[in-house]
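S.K.:
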Amino acid sequence: MAQAHVNSDILSWARNRARLSTSVLAEKLHVKEEKLQRWEAGEEKPTFRQAQDFAHHTHIPFGYLFLNTPPADELPIPDLRTIGSHGPLEISLDLRDTVREVLRRQLWYREYQIDQGRDPITVVGSVSPNMSVMSIVENMRSHLGVGRWPDRGRWDTYFNDLLRRIEALGILVMRSSMVGSNTRRILSVKEFRGFAIADGYAPVVFINTSDCPEARLFTLLHELTHIWLGESGVSDGEYGSHRKVEKICNAVAAEFLVPEDEFKQRWNSSEEWRWNVGALASHFHVSQWVSARRAMDLGYIDFEEYQAFISQRLADYKAIERDGAPRYSLLQTLKVSKRLAMAVTSEALSGRILLRDAGQLIGIKPHKLAEYARQELGI
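For my numbering, add 5 to where a residue sits in the sequence shown, where the first one is 1.
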């Protein structure tokens, strides 16, 4: 069979970029590890079919294999995940592909907004990092139309209410636990919890739903603060970041959800701290994860106690038996945001964009778009 004259350096780059060992990739390609090593050493060439399989399993375009040098592979938005003195964290292929997929949808929606004659969304970049935390929180509450905390409901009710209010302002909220619909490419919570794209016409908040549901409320507010500050970036939301913008976003999210003065007033020093965390979570209608984080912020518990607490809650979440996943159409709506889904579907059904293009944007088969619009979106 004809050989593909690929660049052996690109083979090594692509494999390392995909975080695959030679043994694992060789198994996927159904070749001996020694053969793959000879390809990378330039001693042998793969066939065209083997080269195509290689590109598929390393998640790169086939044409990349013939480049003289690896292409620029920068993350399209700032990486704000530097923790303490450890320096920048490695960026996985899963994170890169997720950011690029979200940007593809965001750019479509941006052009749509401009074509519709819409004005820029005023909250994007409306506050300064030099403002006080309280001033930023009050600005956000005012635009969202919420009080200091809800007077009823569970934390997940609060989460869903905030989602509706955020999207009503024109901010897209996208959520997913995997790259595209690939269940073998699960997003890592250890790598990132969310990211924000602070664009004036099409701002986006993305939440990694591999995380424990209780943590997502804090992530939502953290990333939303990025939008208000006009600062795009990937975050892990961890305590202890030395970056100014991350410190501000953490502080704003905490104060928005759990006001310091009320928290301190209601903390009962005669009770064990876990009792307080549960009681205050109920009072503020937030999750115990958020309540525990606030307790750590304010010095009621130390970092080790907090870390052990949330690790246990994440383990408990993963151990829960699911009754079944939500229907696919709902998952796709959550993945792309209802606002984007409605815009794309409306344009497709009115003939202004191809059904094929609409289906690729929101992950719905073209022949099912009308049914999806009726049953899932109510249009």
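The beta carbon of each residue, even a glycine, is placed where N, CA and C say it ideally should be.
1. What are the start and end residues of the alpha helix (DSSP H) that includes N281?
2. With H, G and I counted as helix, E and B as strand and the rest as coil, what does DSSP make of L80?
3. Give me the DSSP bridge partner(s) of L177.
4. Check the DSSP bridge columns for M183 and list the partner residues they point to.
5. Can you pull the DSSP bridge partners for F200?
6. Report the partner residues of T52 according to the DSSP bridge assignment.
7. Among residues of its own chain, excluding the 5 on either side of S13, which ones have a beta-carbon nearer than 8 Å to its beta-carbon?
8. With DSSP run on the structure shown, which of helix, strand or coil describes K373?
9. Can you tell me whether M136 is helix, strand or coil according to DSSP?
10. Less than 7 Å between C-beta atoms, sequence neighbours within five positions excluded: which residues of the same chain meet that for A23?
11. Assign G92 to one of three DSSP states: helix, strand, or coil.
12. Decide if S316 is buried, meaning its Cβ has at least 16 other Cβ atoms within 10 Å, or exposed.
13. Looking at the unbroken alpha helix (DSSP H) that takes in L465, where does it start and where does it end?
14. Just how far apart, CA to CA, sit V209 and V257?
15. Go to A378, then tell me how far its alpha helix (DSSP H) extends in each direction, as first and last residue.
16. In chain order, what residues of the same chain have a beta carbon less than 7 Å from the beta carbon of I358, not counting five sequence neighbours either side?
17. Can you check which of these residues, G185, D58, H290 and A363, is closest to E219 by C-alpha distance?
18. Taking one C-beta from the stretch 334-344 and one from the stretch 302-315 each time, how about it: are there three or more such pairs within less than 8 Å?
19. Short check: CB of V263 to CB of R318, under 7 Å?
20. So, helix, strand or coil for I315, using DSSP?
21. Let me know the secondary structure DSSP gives A23 once reduced to three states.
22. Could you compute how far the alpha carbon of T214 sits from the alpha carbon of E49?
23. Express the C-alpha separation of S292 and L285 in angstroms, rounding to a whole number.
24. With L339 and R180 assumed to form a contact (beta carbons below 8 Å), what rounded beta-carbon distance in angstroms separates them?
25. Put A68 into one of helix, strand or coil per three-state DSSP.
26. Which residues in the same chain have their Cβ closer than 8 Å to the Cβ of W160, if we skip the five residues on either side of it in sequence?
27. Starting from H110, trace the alpha helix (DSSP H) both ways and give me its first and last residue.
28. Span of the alpha helix (DSSP H) holding V257?
29. Could you compute how far the alpha carbon of V282 sits from the alpha carbon of L225?
M.R.: Taking the coordinates as given:
1. W278 to F289
2. coil
3. V209
4. I191
5. Looking at the DSSP output, F200 bridges to F211 and V239.
6. Q8, per the DSSP bridge assignment.
7. Excluding five sequence positions before and after S13, the CB atoms of its chain that fall closer than 8 Å to its own CB belong to W44, E45, A46 and G47, given in chain order.
8. helix
9. coil
10. T63, H64 and L98
11. For G92, the predicted model reports a pLDDT of 48, less than 50, meaning its position is unreliable and no value from the coordinates is stated.
12. exposed
13. One cannot answer for residue 465 here, as it falls past the ends of the chain, which runs 6 to 384.
14. 18 Å
15. Counting along the chain, A378 falls outside any alpha helix (DSSP H), and DSSP gives it neither H nor E.
16. E352
17. If we check each option's Cα against that of E219, H290 comes out closest.
18. no
19. no
20. helix
21. A23 falls in the coil class under three-state DSSP.
22. 43 Å
23. 9 Å
24. 5 Å
25. In the sequence on display, residue 68 carries Gly and not Ala. Looking at G68 - three-state DSSP - the assignment turns out to be helix.
26. E219, L222, A286, H290, V291, S292 and V295
27. Residue identity check: residue 110 is Arg in the sequence provided, not His. Note, R110: alpha helix (DSSP H), L98 to D120.
28. K249 to L262
29. 20 Å
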